[in-house]
Amino acid sequence: MRTPTAFRDLAPGTAGMVLVGSSVTASRSLVDAPLFAVQAVRYAAAALLLVALARAARVPLLRPRGREWLWLAGIAASGLVLFNVAVVRGVAHAEPAVIAVAVASVPILLGLVGPVLEGRRPSRRVLLAAPVVVAGAVLVEGTGRTDAAGVGWAALALGCEAGFTLLAVPVLRRHGPWGVSVHAVWLGAAMLAVLTLLFERPADLGSLRPAQWATTGYLAVMVTAVAFLLWYRTVAAVGSGRAGLLTGVAPLAAAAAGVVAGGGVPEPTVWLGLGVVVAGLAAGLRPDRAPDPAAVPAPGRAPAHPPATVSPAARRPDGAGRSRVGGPGPADAAVRTGPGPGSP
């Protein structure tokens with residue numbers, strides 16, 4: 012019997028997606044700010060904060076080795092750098108809703124590809140629930156007009172959002188949520204700093220208004236340092252496919268943040284989308300059924316069939332004392348990656 016998905020495993024990822032959704036409203040003040048420079052400052056500040064918190068919590072941060080550098084650099088390049096470029100360039104060719112709808116489709120990709128990377132079969136329940144969550148997100152975000160270039164940028168944004176989670180799968184087991192977050196963030200800051208020197212002027216940061224600096228600080232602390240840790244913790248606990256369904260929470264949080272910011276009462280389609288997303292999450296994340304009481308032998312009675320003989324090596328995961336990726340364990344050792352909270 013598989014271990015039921017506990018609320019405590021899903022709660023961090025849900026909170027992370029709420030923070031990501033709130034960033035949509037917060038980021039509007041940065042429309043006229045230098046893109047690469049502001050993001051470089053954001054991720055550099057988040058990296059310093061994460062390192063300080065890790066030391067305070069006495070969490071060891073391992074140095075990447077071998078191919079781990081490629082996976083971590085891939086997370087930074089896709090989820091932190093290219094995602095921002097795709098969104099900014101995409102809205103020049105398409106209405107924002109088009110990009111949002113593309114990103115909202117990430118649960119399907121994570122449900123299909125994530126379990127394969129984790130060494131197990133995709134969950135039928137998750138695959139059936141993912142389109143429901145996506146449909147609800149589309150109702151919340153709406154649709155819009157676009158051209159061919161806009162479609163291409165939207166597709167790139169979707170791939171980058173999925174990459175934020177999927178590329179973390181091979182390194183989460185060794186580095187954990189803390190290590191993956193720290194290394195991905197400082198690598199992303201370094202990449203964005205190079206892009207700032209190539210395409211922008213660092214001196215332009217001096218023109219930022221106090222409100223824009225406050226927004227940058229919020230993005231660095233809550234939407235990067237905190238949200239990344241929360242997201243990767245859930246990915247490591249429940250697997251990338253199941254955690255991917257939680258990305259449907261982000262558009263709901265964005266809509267709620269818009270109301271709080273004075274955007275008015277949502278239209279009926281938004282309320283309908285909210286209900287559809289909740290239904291999809293309930294279907295895909297509900298705990299596994301408890302074992303049939305009739306199959307459990309009464310006290311003092313032997314089971315109907317004798318247990319199969321298990322070799323000593325088989326009693327230990329992989330026969331070497333280490334859990335397999337996706338195998339049963341105290342934290343449901345399946346690892347996931349990303350968004351995840353991709354940065355807006």
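Just so you know, we're using this note's numbering here: the sequence shown kicks off at 12 and counts up by one. Every residue, glycine too, gets a C-beta built ideally from N, C-alpha and C. In this text, all values refer to a predicted model and were calculated from it rather than measured experimentally.
Given residue 206, which residues of its chain have a CB within under 6 Å of its CB, disregarding the five upstream and five downstream residues?
In the sequence shown, residue 206 corresponds to position 195, counting from 1. Closer than 6 Å at Cβ, skipping near neighbours: 47.
In chain order, what residues of the same chain have a beta carbon less than 7 Å from the beta carbon of residue 28, not counting five sequence neighbours either side?
Within the sequence shown, residue 28 is the residue found at index 17, counting from 1. Cβ neighbours of residue 28 beyond the five flanking positions: 257, 258, 260, 261, 264 and 352.
Please list the terminal residues of the continuous alpha helix (DSSP H) segment that includes residue 232.
Looking up residue 232 in the sequence shown gives position 221. Taken as a continuous stretch (DSSP letters only), residue 232 belongs to no alpha helix (DSSP H), as it is neither H nor E.
Closer than 8 Å by C-beta to residue 60: which residues in its own chain qualify, once you throw out the five before and the five after it? Chain order, please.
The residue labelled residue 60 in the question sits at position 49 within the sequence shown. 231, 232 and 236, listed in sequence order.
Among 23, 22 and 30, which has the Cα closest to the Cα of residue 267?
Translated into the one-based positions of the sequence shown, residue 267 becomes position 256. The option with the nearest alpha carbon to residue 267 is 30.
In its own chain, which residues sit with a C-beta less than 6 Å from the C-beta of residue 149, not counting the 5 before and 5 after it?
Along the sequence shown, read from residue 1 onward, the residue named residue 149 stands at position 138. Correct list, in chain order: 112.
Please state if the CB of residue 252 and the CB of residue 126 are separated by a distance shorter than 8 Å.
As a working note, residue 126 is residue 115 in the sequence shown. As a working note, residue 252 is residue 241 in the sequence shown. Closer than 8 Å, so yes.
If you measure between the beta carbons of residue 239 and residue 171, is that distance less than 8 Å?
Translated into positions along the sequence shown, residue 239 becomes position 228. Translated into positions along the sequence shown, residue 171 becomes position 160. No, the Cβ-Cβ distance between residue 239 and residue 171 is not below 8 Å.
Nearest-angstrom Cα distance between residue 6 and residue 288?
As shown, the chain starts at 12 and ends at 355. That puts residue 6 outside it, with no answer to give.
Does the contact criterion of 3 or more C-beta pairs under 8 Å hold for the segment 52-67 versus the segment 119-136?
With the cut-off at 8 Å, the segment 52-67 and the segment 119-136 do not touch.
Using the rule of at least 16 other Cβ atoms within 10 Å of the residue's Cβ for burial, across every protein chain shown, is residue 199 buried or exposed?
In the sequence shown, residue 199 corresponds to position 188, counting from 1. Buried, by the Cβ-count rule.
Excluding the five sequence neighbours on either side, which residues of its own chain have a C-beta within less than 7 Å of the C-beta of residue 161, listed in chain order?
Counted from its first residue, the sequence shown places residue 161 at position 150. Same-chain partners within the cutoff: 101, 104, 105 and 109.
Please work out which residues of its chain come closer than 8 Å, Cβ to Cβ, to residue 156, disregarding the five sequence neighbours upstream and downstream, and give them in chain order.
Position 145 of the sequence shown holds residue 156. Answer for residue 156: 105, 106 and 109, listed in chain order.
What separation, rounded to the nearest whole angstrom, lies between the Cα atoms of residue 164 and residue 67?
Here residue 164 refers to the residue found at position 153 when the sequence shown is read from its first residue. Here residue 67 refers to the residue found at position 56 when the sequence shown is read from its first residue. If you take the alpha carbons of residue 164 and residue 67, they lie about 40 Å apart.
So is residue 13 buried or exposed if we call it buried at 16+ other beta carbons inside 10 Å?
As a position in the sequence shown, residue 13 is number 2, starting the count at 1. Bear in mind that a pLDDT of 45 at residue 13, under 50, signals an unreliable position, so the number given afterwards is only what the model happens to contain. Result: exposed.
Looking at the structure shown, is residue 105 part of a helix, part of a strand, or coil, going by DSSP?
Against the sequence shown, residue 105 aligns to sequence position 94. If DSSP states are grouped into helix, strand and coil, residue 105 belongs with the strands.
Going by beta carbon distance, what residues of the same chain come within less than 6 Å of residue 79, once the five residues before and after it are set aside?
Translated into positions along the sequence shown, residue 79 becomes position 68. Excluding residues within five positions, the ones whose Cβ falls inside 6 Å are 182.
Return the Cβ separation of residue 10 and residue 292 in integer angstroms, given the expectation that the two are a contact with Cβ distance under 8 Å.
For residue 10 there is no data in the structure shown, the boundaries of the chain being 12 and 355.
How would you write the range of the alpha helix (DSSP H) that residue 207 sits in, first residue to last?
Within the sequence shown, numbered from 1, the residue matching residue 207 stands at position 196. 180-210 is the extent of the alpha helix (DSSP H) around residue 207.
Just reading off the alpha helix (DSSP H) that residue 23 is part of, what are its end residues?
The residue labelled residue 23 in the question sits at position 12 within the sequence shown. Run containing residue 23: 18-37, per the alpha helix (DSSP H) assignment.
In the DSSP assignment, what residue or residues form a beta bridge with residue 157?
On the sequence shown, residue 157 is found 146 positions in, with the first residue counted as 1. In DSSP, residue 157 forms a bridge with 105.
Hey, residue 269 and residue 36: beta-carbon distance below 8 Å or not?
Within the sequence shown, residue 269 is the residue found at index 258, counting from 1. Within the sequence shown, residue 36 is the residue found at index 25, counting from 1. Yes; because the gap between Cβ atoms is below 8 Å, this pair is in contact.
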